[in-house]
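Reading through the structure tokens given below for one structure.
In the numbering used here, the protein residues as written are 3 to 250.
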């Protein structure tokens, strides 16, 4: 049963800047085409996985580390030329039917980006992944950290053992915007949320997020094990901690 995540807008916590929202627009640029060239029609794919945070991004980058992948293109906010404002889409298989998108949108751009995503890709399954600090979770019951929660569109039919996010907890910003667009577009979509006590990426969080991918088209096609990538993840965490310490 899908949770009514429409009860609260993804933008309830944002400043009311209608002018900025009206003018914000994202365009998908093909990697092997001229800058201004666009897709002639929607890109059909079996699955697109979208990451919204450092932990899930590192997790999916681990999948890419030992594979030859295809740079499909990127989303960019119109008028922005900085690489930091580009959100790449990577193809995993030869047919480019399994896609990964790394998204780090600013909150005020989330709705426009989600619309652009739905207008660009026609995916059979949309898998969203993020992690949040435990302070974002409300419950009277004790919980062992880290732990998973999920939200699904009404069209997601797969069963798993992950508890649905309980009220009054909400999800906002880009994950909520994409999930809402999937519901409107009648798409099978799921959002996995890992709540953690750590302010940095750790192995426990990565392993929990990994468990969310066991039924994914990505995992079924790559058949990569956690043990194969454990050292890669340890190195990625170490590098991230070192980089953070430089700016402390």
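All C-beta atoms, glycine included, are put in the ideal place defined by N, C-alpha and C.
Enumerated in chain order, which unbroken segments of the beta strand (DSSP E) with a length of 3 residues or greater are wholly contained in the region 127-161?
149-154
Tell whether a beta-carbon distance below 8 Å holds between residue 150 and residue 186.
no
Own chain partners of residue 92 with C-beta closer than 6 Å, once the 5 adjacent residues on each side are dropped:
71 and 102
Give me, in chain order, the residues of the same chain whose beta-carbon lies closer than 6 Å to that of residue 127; leave out the 5 immediate sequence neighbours on both sides.
49 and 190
How would you call residue 228, buried or exposed, if buried means at least 16 neighbouring beta carbons within 10 angstroms?
exposed
When the Cα atoms are used, what is the spatial distance from residue 236 to residue 219?
25 Å
In whole angstroms, give me the CA-to-CA distance for residue 23 and residue 183.
Summary for residue 23: the model assigns pLDDT 47, below 50, so the residue's position carries little reliability; its value from the coordinates is reported in the next sentence. Cα to Cα, the separation comes out at about 17 Å.
Return the CA-CA distance between residue 238 and residue 147, expressed in angstroms with no decimal places.
22 Å
Looking at the secondary structure, which residues open and close the beta strand (DSSP E) in which residue 260 lies?
Residue 260 cannot be examined here, being either before or after the span of the chain that is shown, 3 to 250.
Contacts around residue 26, its chain only, beta-carbon distance under 6 Å, and the 5 residues preceding and following it disregarded:
111 and 114
So, is residue 177 buried or exposed, given that buried needs 16 or more other C-beta atoms within 10 angstroms?
buried
Which listed residue (60, 223, 76 and 210) has its alpha carbon closest to that of residue 29:
76
Using 8 Å as the threshold, is the C-beta distance between residue 62 and residue 208 below it?
no
Where residue 57 falls, given that 16 or more other Cβ within 10 Å makes a residue buried:
buried
Opposing strand residues paired with residue 125 [DSSP bridges]
47
If I measure Cβ to Cβ from residue 199 and keep anything under 8 Å in the same chain, skipping five residues before and after, which residues do I get?
135, 136, 147 and 148
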